[in-house]
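**Student:** Would you mind keeping the following structure in view while I ask a few things?
Residue numbers (this note's numbering), protein chains in the order written: chain S, 1180 to 1757; chain X, 9 to 689.
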């Protein structure tokens, strides 16, 4: 039971709900006004509230990858501005420093606003969104062959964008002059400011209605409530130490793969992930800061405990993370970090792999794992205007106890992320999409009692000359692992089919691949791993898989042990199953 | 005589107006799966007998039932080559962010019934490759062999140029005249292939069900009564003919629920309230919708089975914007794992129902809390209420864990339930830039009147209206409908270089199409009324704002005015605007009303006094530390018109009560509506 306070429990609950509702409201407002598909389709942003100390109270998320990052931004703000003494009402701070408070890459620009009530800071409103452009050496800013942070764009080290309601115009002018699509970046910035102010307004309304004391009680109640739920779930997890190894394919500069190892220790009141002994930080841009790692581990911690609960810092109190200094997952200035998410994902996958056999009710076999990010730029064939595609790709998820894997879903660090419709893409960008379909595999990829979901093929045909594609497909050297006799899935890869029919590839990571008119960029994402022995999959289900062309007759016979008649789809179980 | 019938989960309601304009009501049990029988029963029961019916209006849940229960027909899908998996890949989103065992909605059409045809248009609608008719032939043969009962056709960019879809449908009909075929452009002309394909697939899936239902209903109706005109309620708040409904049955997906919202708008017009928050509280859910300047808001941003945990299925047809939450009279109060009080979304349903029903319900509900706090009296129920049992259950499940009295706990349940509804009302008002103080709440359904006055206090709403036909308000709303068609078409153009003659061609083309459709439905062109809207955004944005735009021929000045309106609406909705950024139209939206004659609401007279209307005085437990207060209880039917009742008070009627708080004043208006106003402080 949550501890008693002066305020009655129903008022606490009602105020808590009002705070959560404010978080949702900020989240929706930002998507509706954003200028960039990466925000309104990919939902690569987060909005939330923290308490006066920077503890997360509520966060609206489009992607899981930002979970908890807002707290670090606020803590850095407190740190830099004399514990808040140098802040005043109306201030808005801008921050994207990956090593100090930002946590991801420069493209994710955070804004923080202190919320004052009766002359003191009562909470912070904060958000963080992926800007299409923050400058740097390549269009789209985040790139896969940067050698240091300076190539990756503008750095905002917790500066006042507004100083007590007064806009810092020189700063805006400097941003405008240093990014490739200033209307997009600055438009998104206004959308972020509007969302922050909405949060501020709502919190002040709640304060006015209930008074400061009740708000503070409610905040503590909310954090304690999160902790209690989290600890109850922790009790249900298997206790002990679990280990696994993984790797990051490449840093984009020809180095790699880089080893990752984790030792997960679960006790009654702690969940410790120890990554010591993993690769040191690397020359290319797959380095990840400690904040990024923390977000990844928080994501898996929620998946393991209570995926449906409201998220706040109380929930994460039992969680501890241990790393070596200057490792690939705790990188320090000036290591490049553009593709930090690939290391985040591999760290998450390694913990997932360590625990998957022991928590089958929550964890599936491996998924395609990578954001599979695509950046494609060029000029539109009809308008001659420059266009820029920045998008993640969907792929296959693993089979799980009682459930087949999902086909065509974004990776675990994305979330309420939407693919760009073919009709929208063809209107806006200089491409024609030849195909967007589920991948036909062979050799029983992803086979199991519960099969892995399919990866997909998306083929972009360039409609003008001189287009340029920067592709970062991780998990290209390894495959998604299966569980308990389930087959492994397939790797992520892409090829280019030139206008003359020549095929180049397959590749995993490639900076600035030049495309001419009618060249086709064929992107293929991985199928997820299988769960359990394929011979245990019900024969009737296998017949239906073949009818639906998820597997071939040949695979049904040799891997699933079922003979299927291709005209009637009648089936017979073979000796192997008996 | 104008008659409306509304099929609900438990009852089929009938409402008609008699010759004096008085409202008559009948109820009969809903009769699944042969819903038409319930309709015939209620007509018989109503006393209309075999009288001639001038206009018959019908709301039905047949479509939504077929979808949620997956009882539609075996459907085949034909897409552009390379895109047969569009329904399975969908948008790739995962609302349940942290759930590794997320369940993606399964397509309504299995993969082996999704076939591809070589054909291609570009985004401008130009043909890149023609339709391959041989492939269609093969597919039709295959579908025949698979015993497919309906076919959906969805090609890329058909919203710009429908010719390939038309060609394909024509060919299929030649080859297989009996099968039902729908092309995506017939159902929606908006871009985004997944949403459009899902919409056409779902339309095909339910079409044979809808046709057979409407045919049976029609047969039964014409055998029993002479009926001049027969209409069906659509999700956009208007009606259409039986024939039209069979073509695009997916337009009926929210046939019933929207009628109450529409009714609130009609009532508002009658009593001079044009800004309304309509609130419908039933047994398991509460629904609300915002009406601004008399206009219900319609959009195509509609999904079924979508929530925090599931992506659901988009249906791009015009539906009145409704926010629905799992909070009604039967919602169960419970403590979560950390001991916090929650109300809903689980409901005790009709069986066993709340503890108060005495039908075996063990879990305390909002209704039970209303009983224990004296708001509802045992006499309001058809059942014998065991007050002691209600108290025991609330005590055991809620009060004891919190170490408080049962009435404090009961009030807690009511407050949490109100907080849930309040958040829903804020979602449609404050969060869209509206000030609730400029609105009046119109509350109906069994629980609407019980909670609306508390919500009004918290939102700062000054006036609450409990309509006269509150228990059958949806059916009443249907009586008041016109025919309505919404035509929405994706048409992407920047305002800066808009070609006026070209856009006028679009508007006029659509409006002429509407006039033709109405002619077909027996409406004269002079009774057709158009409203035009443009869905607009800043260049680069994705989401749009619906901007009302002028009718008739446009001039350059009109364009300036439209841009100005867009900037204003953007600011209102999102607190800021970007005056230097170019604006863009995404969709053209024409709402066409075929205006028909509707019944007039009758003014009532009543020679009673407040003393006669008072049933009793009993103790009611109130919020804000007031505790048990002696409260006057009145009978709604006996309240004199125009006399003021000061709160605290409770007004009882069959199946509902209205709570009047201290500081609020209630009076009955000349139509019999209850008007509750908050005194200025």
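All C-beta atoms, glycine included, are put in the ideal place defined by N, C-alpha and C.
1) When the cut-off is 8 Å and only beta carbons count, does residue 206/X lie next to chain S?
2) Just the Cα atoms here: how many angstroms apart are residue 423/X and residue 1456/S?
3) Please state whether DSSP places residue 1296/S in a helix, a strand or coil.
4) By the 10 Å Cβ neighbour count, where 16 or more other Cβ atoms means buried, how is residue 601/X classified, buried or exposed?
5) Please return the same chain residues whose Cβ sits closer than 7 Å to the Cβ of residue 137/X, not counting the five positions on each side in sequence.
6) Is the shortest distance between the beta-carbon of residue 93/X and the beta-carbons of chain S less than 8 Å?
7) Any beta-carbon of chain S closer than 8 Å to the one on residue 427/X?
8) Under 8 Å between the Cβ atoms of residue 614/X and residue 648/X?
9) Please classify residue 1446/S as buried or exposed, where buried requires at least 16 other C-beta atoms within 10 Å of its C-beta.
10) Among residues of its own chain, excluding the 5 on either side of residue 1180/S, which ones have a beta-carbon nearer than 6 Å to its beta-carbon?
11) Between 1307/S, 1644/S, 1709/S, which has its C-alpha nearest residue 1633/S's C-alpha?
12) Just by C-beta distance, which residues in the stretch 481-514 of chain X are closer than 9 Å to chain S?
13) Report yes if the CB atom of residue 1538/S is closer than 8 Å to the CB atom of residue 1416/S, and no otherwise.
14) Check each residue of the stretch 1521-1550 of chain S: if its Cβ is closer than 9 Å to any Cβ of chain X, include it; give the result in chain order.
15) Under 7 Å between beta-carbons, which chain S residues line up against residue 548/X? List them in chain order, please.
16) For a contact defined as C-beta to C-beta under 7 Å, what are the partners of residue 632/X on chain S?
17) Could you tell me the boundaries of the alpha helix (DSSP H) in which residue 1205/S lies?
18) Over the uninterrupted beta strand (DSSP E) stretch that includes residue 471/X, give me the two end residues.
19) For residue 1755/S, count neighbouring C-beta atoms within 10 Å of its own C-beta (all shown protein chains included) and say buried if the count is 16 or more, exposed if not.
20) Tell me the DSSP secondary structure of residue 1473/S in three-state form.
21) In chain S, which residues lie less than 8 Å from residue 431/X when you measure between Cβ atoms?
22) Mind checking if residue 1583/S is an interface residue toward chain X, Cβ cutoff 8 Å exclusive?
23) Check whether chain S comes within 8 Å of residue 163/X, counting only Cβ atoms and requiring the distance to be less than that.
24) Does the Cβ of residue 1708/S lie closer than 7 Å to at least one heavy atom of the ligand SAM?
25) Return the residue from the list 1654/S, 1666/S, 1248/S that minimises the CA-CA distance to residue 1628/S.
26) Is the beta carbon of residue 1686/S closer than 8 Å to that of residue 1713/S?
27) Just how far apart, CA to CA, sit residue 679/X and residue 521/X?
28) Quick test of your reading: residue 450/X and residue 570/X, contact by CB under 8 Å. State the CB separation rounded to the nearest angstrom.
29) Using the C-alpha atoms, what's the distance from residue 249/X back to residue 529/X?
30) Is there at least one Cβ from chain X nearer than 8 Å to residue 1330/S's Cβ?
31) Would residue 1353/S be called buried (16 or more neighbouring beta carbons within 10 Å of its own) or exposed?
32) Just checking: is the beta-carbon of residue 140/X within a distance shorter than 8 Å of some beta-carbon in chain S?
33) Judging by CA-CA distance, which residue of 175/X, 502/X, 71/X, 156/X is the nearest neighbour of residue 163/X?
34) Could you pull out every residue in the same chain whose Cβ sits closer than 6 Å to the Cβ of residue 471/X, ignoring the five residues on either side in sequence?
35) On the criterion of 16 or more Cβ atoms from any shown chain inside 10 Å, does residue 95/X qualify as buried, or is it exposed?
36) Output the distance between the C-alpha atoms of residue 70/X and residue 1234/S, rounded to the nearest integer angstrom.
**Tutor:** The relevant details are as follows:
1) Here residue 206/X refers to the residue found at position 198 when the second chain is read from its first residue. Judged by the 8 Å Cβ criterion, residue 206/X is not in contact with chain S.
2) For the purposes of this step, residue 423/X is taken as the residue at position 415 of the second chain. For the purposes of this step, residue 1456/S is taken as the residue at position 277 of the first chain. If you take the alpha carbons of residue 423/X and residue 1456/S, they lie about 54 Å apart.
3) Within the first chain, residue 1296/S is the residue found at index 117, counting from 1. Strand at residue 1296/S.
4) Residue 601/X sits at position 593 when you count from the first residue of the second chain. Per the 10 Å Cβ criterion, buried.
5) As a position in the second chain, residue 137/X is number 129, starting the count at 1. Within the same chain, Cβ atoms closer than 7 Å to the Cβ of residue 137/X are found at 126, 127, 128, the five residues on either side in sequence being excluded.
6) Locating residue 93/X in the second chain gives position 85, counting from the first residue. Chain S, which has a Cβ nearer than 8 Å to the Cβ of residue 93/X, makes this yes.
7) The count along the second chain starts at 1 and reaches residue 427/X at position 419. For residue 427/X, the nearest beta carbon of chain S is closer than 8 Å to its own beta carbon.
8) For the purposes of this step, residue 614/X is identified with residue 606 of the second chain, where counting begins at 1. For the purposes of this step, residue 648/X is identified with residue 640 of the second chain, where counting begins at 1. Cβ distance < 8 Å, so residue 614/X and residue 648/X count as in contact.
9) As a working mapping, residue 1446/S is identified with position 267 in the first chain. Residue 1446/S is exposed by the Cβ-count criterion.
10) Working through the first chain from its first residue, we reach residue 1180/S at position 1. A caution first: residue 1180/S carries a pLDDT of 42, below 50, which makes its placement in the model too unreliable to give a value.
11) For the purposes of this step, residue 1633/S is taken as residue 454 along the first chain, with counting starting at 1. Ranking 1307/S, 1644/S, 1709/S by Cα distance to residue 1633/S puts 1709/S first.
12) For the stretch 481-514 of chain X, which is checked against every Cβ of chain S, the residues closer than 9 Å are 498, 500.
13) Position 359 of the first chain, counting from 1, holds the residue named residue 1538/S. Position 237 of the first chain, counting from 1, holds the residue named residue 1416/S. Residue 1416/S sits close to residue 1538/S, with the two beta carbons spaced by under 8 Å.
14) Those residues of the stretch 1521-1550 of chain S placed with their C-beta closer than 9 Å to a C-beta in chain X are 1531, 1540, 1541, 1542, 1543, 1546, ordered along the chain.
15) Taking the second chain and counting its residues from 1, one reaches residue 548/X at position 540. Against chain S, a Cβ distance below 7 Å from residue 548/X picks out 1214, 1362, 1363, 1366.
16) Counted from its first residue, the second chain places residue 632/X at position 624. At a C-beta separation below 7 Å, residue 632/X has no neighbours in chain S, since its nearest C-beta there lies roughly 11 Å away.
17) Position 26 of the first chain holds residue 1205/S. Membership of residue 1205/S in the alpha helix (DSSP H) is indicated by the continuous run 1188-1212.
18) Position 463 of the second chain, counting from 1, holds the residue named residue 471/X. Looking at the DSSP string, the run of the beta strand (DSSP E) that includes residue 471/X is 471-474.
19) Start at 1 with the first residue of the first chain, and residue 1755/S comes out as number 576. By the neighbour-count rule (16 or more Cβ atoms within 10 Å), residue 1755/S is not buried but exposed.
20) Position 294 of the first chain, counted from the first residue, corresponds to residue 1473/S. Three-state DSSP puts residue 1473/S in a helix.
21) Here residue 431/X refers to the residue found at position 423 when the second chain is read from its first residue. Simply 1196, 1197, 1200.
22) Counting from one through the first chain, the residue named residue 1583/S turns up at place 404. Contact with chain X is absent for residue 1583/S, since none of that chain's Cβ atoms lies less than 8 Å from the residue's Cβ.
23) Position 155 of the second chain, counted from the start, is the residue given in the question as residue 163/X. No, because no Cβ of chain S sits closer than 8 Å to the Cβ of residue 163/X.
24) The ligand SAM is absent from the structure shown, which contains no ligand whatsoever.
25) Your numbering for residue 1628/S matches position 449 in the first chain. Measuring from the Cα of residue 1628/S, the nearest candidate turns out to be 1666/S.
26) Within the first chain, numbered from 1, the residue matching residue 1713/S stands at position 534. Within the first chain, numbered from 1, the residue matching residue 1686/S stands at position 507. Cβ atoms of residue 1713/S and residue 1686/S: not closer than 8 Å.
27) Indexing the second chain from 1 puts residue 679/X at position 671. Indexing the second chain from 1 puts residue 521/X at position 513. Straight-line measurement puts the Cα of residue 521/X at about 39 Å from the Cα of residue 679/X.
28) Stepping through the second chain from its first residue, residue 450/X is reached at position 442. Stepping through the second chain from its first residue, residue 570/X is reached at position 562. The pair is not a contact, with the Cβ atoms about 31 Å apart (cut-off 8 Å).
29) Within the second chain, residue 529/X is the residue found at index 521, counting from 1. Within the second chain, residue 249/X is the residue found at index 241, counting from 1. One C-alpha to the other measures close to 7 Å.
30) Here the question's residue 1330/S lines up with position 151 in the first chain. Not one chain X Cβ lies under 8 Å of residue 1330/S.
31) Here residue 1353/S refers to the residue found at position 174 of the first chain. By the neighbour-count rule (16 or more Cβ atoms within 10 Å), residue 1353/S is not buried but exposed.
32) In the second chain, counting from the first residue as 1, residue 140/X sits at position 132. Chain S, which has no Cβ nearer than 8 Å to the Cβ of residue 140/X, makes this no.
33) For the purposes of this step, residue 163/X is identified with residue 155 of the second chain, where counting begins at 1. Measuring C-alpha to C-alpha distances from residue 163/X to each of 175/X, 502/X, 71/X, 156/X identifies 175/X as the nearest.
34) Here residue 471/X is taken as the residue at index 463 of the second chain, counted from 1. When the five nearest sequence neighbours on each side are left out, the beta carbons in the same chain lying within less than 6 Å of the beta carbon of residue 471/X are those of 448, 685, in order along the chain.
35) Locating residue 95/X in the second chain gives position 87, counting from the first residue. Flag for residue 95/X reads buried.
36) The count along the second chain starts at 1 and reaches residue 70/X at position 62. The count along the first chain starts at 1 and reaches residue 1234/S at position 55. Going from the Cα of residue 70/X to the Cα of residue 1234/S covers about 50 Å.
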